[in-house]
Structure formats: structure tokens, C-alpha cells
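Residues in the sequence shown are numbered from 20 upward in steps of one, following this note's numbering.
Glycine is no exception: its CB is placed at the ideal position from the N, C-alpha and C atoms.
Because the structure is a prediction, the values reported are computed rather than measured.
The structure appears right after this line, and notes come after that.
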Amino acid sequence: MIELYPWQQDTWQHILARVKQQRLPHALLLTGVAGLGKTCLAGKLAESLLCLAPDIDFHACGSCHSCQLMLAGSHPDHLYIHAEEAGKTIKIEQIRALKEKQSLTPSIASWKTVIIESADAMTHSAANSLLKLLEEPPGNTILMLTTNAVHYLPVTIRSRCQQMHLTAPDIQSTLQWLKAQRLEVDAVQLEKLAPFTLNAPLTIANALTTDEWQHYQQVQQDFEQLLKQPLNPVQLATEWQQYDLIKVMHQLLFNIKTRLKHYFCEQTALGLPQQYWQIVDCIINTIKLLSSSNNYNKTLLIEDFMVSVMRIAQTESTLSLAPAENN
Numbered sequence: 020m021i022e023l024y025p026w027q028q029d030t031w032q033h034i035l036a037r038v039k040q041q042r043l044p045h046a047l048l049l050t051g052v053a054g055l056g057k058t059c060l061a062g063k064l065a066e067s068l069l070c071l072a073p074d075i076d077f078h079a080c081g082s083c084h085s086c087q088l089m090l091a092g093s094h095p096d097h098l099y100i101h102a103e104e105a106g107k108t109i110k111i112e113q114i115r116a117l118k119e120k121q122s123l124t125p126s127i128a129s130w131k132t133v134i135i136e137s138a139d140a141m142t143h144s145a146a147n148s149l150l151k152l153l154e155e156p157p158g159n160t161i162l163m164l165t166t167n168a169v170h171y172l173p174v175t176i177r178s179r180c181q182q183m184h185l186t187a188p189d190i191q192s193t194l195q196w197l198k199a200q201r202l203e204v205d206a207v208q209l210e211k212l213a214p215f216t217l218n219a220p221l222t223i224a225n226a227l228t229t230d231e232w233q234h235y236q237q238v239q240q241d242f243e244q245l246l247k248q249p250l251n252p253v254q255l256a257t258e259w260q261q262y263d264l265i266k267v268m269h270q271l272l273f274n275i276k277t278r279l280k281h282y283f284c285e286q287t288a289l290g291l292p293q294q295y296w297q298i299v300d301c302i303i304n305t306i307k308l309l310s311s312s313n314n315y316n317k318t319l320l321i322e323d324f325m326v327s328v329m330r331i332a333q334t335e336s337t338l339s340l341a342p343a344e345n346n
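Okay, structure coming up:
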């Protein structure tokens, strides 16, 4: 059965209190950055609701008929909806199939459960179809939606769900968990990874075990070159398309903020180069455009960002290019 992550315990206790008070909402919206295990938490709740003999802390027993069906991925009272391909949308046909199934009574358990992973990936028509179900929820059914980008969901969907926001644990807790996973990392390395991973433990673990760490270092090198000399923005923007551009922008924002902090420590505020603040504005504006629901051309956005950064960096020869601490 699914085990909770340490940083999910507080949220689970909140859910447990709702269960004991018989005040569990018909729709939950689990939010937070990627890498916090939101879908795992939703799966844990589904297991417990469908279990025929959960324990006092509302953990599924793992041995009853319902639990065995969940383990086999064939429980008739549970439905898991997600985009059929990575980067694709959740289609209206999937929501229609959900609505048809929800019209039936539970087969085994006293509940019916639904998980919609990355609910922000629903098409407009799919979201409208789901809205009708949320407006007239069937009895003994709980829908659990997860999202890394809650602002992409229509307000009408959000307003009909009880939102629970998961936050990243502190550095020491993350270090302890990573070491329990036999991943070697220290506080300094974790601080470098923070802007690239948004402090999410599962994302950090993935970065340490895949080539994402090399991506982080490559972005750092590319950004240094952008500040020092003109580069080919078309070529570089194309190369950056392989990365998660939102993470890249947060990484660069952290980089500049660290430079500003370092500059304040070394010099007077009056000598602070305004170029740094202009680059911060460029980064924030690019994050807003990348996060927008509008279908912008991401390659052109990054090209424009790079041209702007190079132009700003070249306007003042005294722009400090010394790397900040821990970069």
C-alpha cells in the first residue's frame, strides 16, 4: 500500500480529522509545486476510503478484498484519470466516461473515488463537463484533483473544491529524507539545487539520480556567458527547450538575487548596478508569460529574454560579473 512522505503528515492529520468528523468534502484540490507527491497522497486517501477495515489512523489494511483490488489496479469503485501522453491534455471523452461511471452505485466499498492527476491539463470542454459533476456531486463519491499550476484551473472548478496546499519541507528535513534514500548530498549542494527544484524533495532526488543536475550546471554556464559576451540567442534558446523553462527562470532569479545580496555585503547601496534589477524584471516578466494560459511561442519568448539580458549586460561595463557565494 502507499506510504506517506514525512512532509505529508500534517496534511494527512487534517484529512483524518475531517474523516472522524464526517466532514470530508466531495471534491479535494491538492496543490503545490511538482515533486511533493500529491498524486501519492490522493492515492493513499483513495485506498483508505475503499478499504473494508482501515486502522485507527485511517490507514488501509492492505489485506481485504478491496485493498487487493487496489493493489492490482482493478478496483471497480476507483478511477484514475490523467493525460494519455506526457504533455498532452485530458480530453472531454475521459470526463464523460467518469460521469457515466459515477452514475452507478459502489460495487464493493461504501465509497467511490476518483483521482484526476494534473487537472490543469483538462481541455476547456473537459473542465466544463467536470464542472457539471461538481455542481451536482453523487453521494459517497470523492473526487481528488491534483495540480502543480492551480492558476491554470478555471475559478469555477477551484471554487467547488476544498483546496489543500502542500508545502516543501525545510532543508534539514529534506536532507534527512534524502539520506534515508541513500542519496549523498550536503546543505551547500541542496542550496544550489533549490531554485531548480523549488525545494521539492522528489524533484531533488530525481535531479541527483538523472542528468537534471548537469542541466542545472549547463544553465548556469550559459547564463554566465550571456552576461559576459554576446551569444547566438536563436541557437541557445533552441537548446533550452529541453529544460523545464519555469524551473530555469526560477534558477536564474535565485542567481541574480544572490548576486544582489553579495553586492550589498561588499559595497554600498548607492553603488548597486541598476542592471541587476532590470534583469530581475526580465526574468519575472518571462515567468509570467510562461505561466500564462495563452499559447505563447516558448522559443521566441526565450530568445527575447536572452536578447534583453545581453543588451542590459552590455550597457554598463562596470556590471559586476563576479559569481556570488555558493554559485
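If I follow the unbroken alpha helix (DSSP H) through residue i, where does it start and stop?
i: ILE111; result: 111–121
i: MET329; result: 317–333
i: LEU150; result: 143–154
i: VAL299; result: 293–310
i: ILE176; result: 174–177
i: ILE223; result: 220–228
i: TYR171; result: Run containing TYR171: none; DSSP gives neither H nor E here.
i: HIS84; result: 84–91
i: THR193; result: 190–199
i: THR186; result: Here THR186 belongs to no alpha helix (DSSP H), and DSSP marks it neither H nor E.
Please tell me whether residue i has its Cβ less than 8 Å away from any Cβ of chain B.
i: MET163; result: In the structure shown, chain B cannot be found, because there is only a single protein chain.
For the beta strand (DSSP E) that residue i lies in, which residues bound it at each end?
i: LEU23; result: LEU23 -> no beta strand (DSSP E), and no H or E assigned at all.
i: ALA72; result: Counting along the chain, ALA72 falls outside any beta strand (DSSP E), and DSSP gives it neither H nor E.
i: TYR99; result: 97–100
i: THR166; result: 160–166
i: VAL133; result: 131–135
Going by other Cβ atoms of all chains shown within 10 Å of its Cβ, with 16 needed for buried, is residue i buried or exposed?
i: GLN275; result: At residue 275 the sequence reads Ile, which differs from the Gln that was named. Buried, because 16 or more other Cβ atoms sit within 10 Å of the Cβ of ILE275.
i: GLU344; result: Residue confidence for GLU344 is low, a pLDDT of 44 falling below 50, so the modelled location carries little weight; the figure read from the coordinates is stated next. When all chains shown are included, GLU344 counts as exposed.
i: THR91; result: Note that residue 91 is Ala in the sequence shown, not Thr. So ALA91 ends up on the exposed side.
i: SER85; result: buried
i: TRP26; result: buried
i: GLN261; result: exposed
i: HIS33; result: exposed
i: THR287; result: Residue confidence for THR287 is low, a pLDDT of 49 falling below 50, so the modelled location carries little weight and cannot support an answer.
i: GLU231; result: buried
i: ALA53; result: buried
i: TRP296; result: exposed
i: ALA341; result: For ALA341, the predicted structure reports a pLDDT of 42, less than 50, and the residue's modelled location is therefore unreliable. The matter cannot be settled from this model.
Roughly how far, in whole angstroms, is the beta-carbon of residue i from the beta-carbon of residue j, given that I think they are within contact range, below 8 Å?
i: ALA199; j: ASN218; result: Their Cβ separation, rounded to whole angstroms, is 17 Å, which puts ALA199 and ASN218 out of contact at 8 Å.
i: ILE223; j: LEU245; result: In fact, because the Cβ distance is near 26 Å, the residues do not count as touching under 8 Å.
i: ILE111; j: ALA145; result: 4 Å
i: LEU164; j: LEU48; result: 5 Å
i: MET141; j: PRO249; result: Wrong, their Cβ atoms sit about 42 Å apart, outside the cutoff.
i: PRO252; j: GLU322; result: 5 Å
i: MET89; j: LEU60; result: No, MET89 and LEU60 are not in contact; Cβ-Cβ is about 15 Å, not under 8 Å.
i: ILE302; j: LEU272; result: 5 Å
Any heavy atom of the ligand SAM closer than 7 Å to the beta-carbon of residue i?
i: ASN167; result: You won't find the ligand SAM in this model; it holds no ligand whatsoever.
> Taking contact to mean at least 3 C-beta pairs separated by less than 8 Å, is the segment 317–325 in contact with the segment 250–259?
Replying inline: yes
> Are there three or more Cβ pairs, one per stretch, closer than 8 Å when the segment 190–209 is compared with the segment 28–46?
Replying inline: no
>> Under 8 Å, with one C-beta from each stretch per pair, do the segment 168–176 and the segment 124–136 reach the 3-pair mark?
In response: no
>> Could you check whether the segment 91–101 touches the segment 133–149, counting it as contact only if at least three pairs of C-beta atoms, one from each stretch, sit closer than 8 Å?
In response: yes
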